[in-house]
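Note that the working numbering has the sequence shown beginning at 948, numbered continuously upward.
Just so it is clear, CB atoms sit at the ideal spot from N, CA and C, and this is done for glycine as well.
Worksheet: one structure, shown below.
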Amino acid sequence: MTSTALLIAAILTVAVSIVHSWIGERRLIGPLLAIEPRPGVLKSPFLRQVLRHAWHITSLAWTGMAVVLAALAVTPQGEAGRVAIIGIGVTFLLHGVAILALSRGRHIAWPAFLAIGALCLVAAR
């Protein structure tokens, strides 16, 4: 049996990952790393690369979670699968709540994160 909720969560997670890398690079990371003269840790070429790669690795990690969700959507879950779904769901709910609170609702990602988390918990019931 296929879990539609998990498939939607997986697709939404991939979409968030793509938008995070693309918009983040264009509107945050790229401009931040272009600042001249470079303040503080941005003086170090190594640390500038760490910052850029850490930003994109976050997107890659979310994509990995999406792959797990998609796989669990189309295979028997068992108790370990259910625990994985709940863990991923709670992680995304916490992302959503933190972003909502810290940005006071101005960041565009919080509804997507809350939706992903909710879809996972619905699928795990």
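In the displayed model, P984 falls within coil according to three-state DSSP, outside both helix and strand. Taking the C-beta atoms as reference points, I1046 is found nearer than 9 angstroms to A1056. Burial check for G977: the Cβ neighbour count within 10 Å stays below 16, so the residue is exposed. Of the residues assessed, I970 falls on the exposed side of the cut-off, its CB having fewer than 16 other CB atoms within 10 angstroms. Counting only residues of its own chain and dropping the five nearest sequence neighbours on each side, A1017 has a CB closer than 6 angstroms to the CB of A957. With a cutoff of 9 angstroms on beta-carbon distance, T1005 and T960 are scored as not near each other.
Across the structure, G1025 and L975 are spaced so that their CA atoms are roughly 41 angstroms apart. Around the C-beta of V963, 16 or more other C-beta atoms lie within 10 Å, and the residue is accordingly described as buried.
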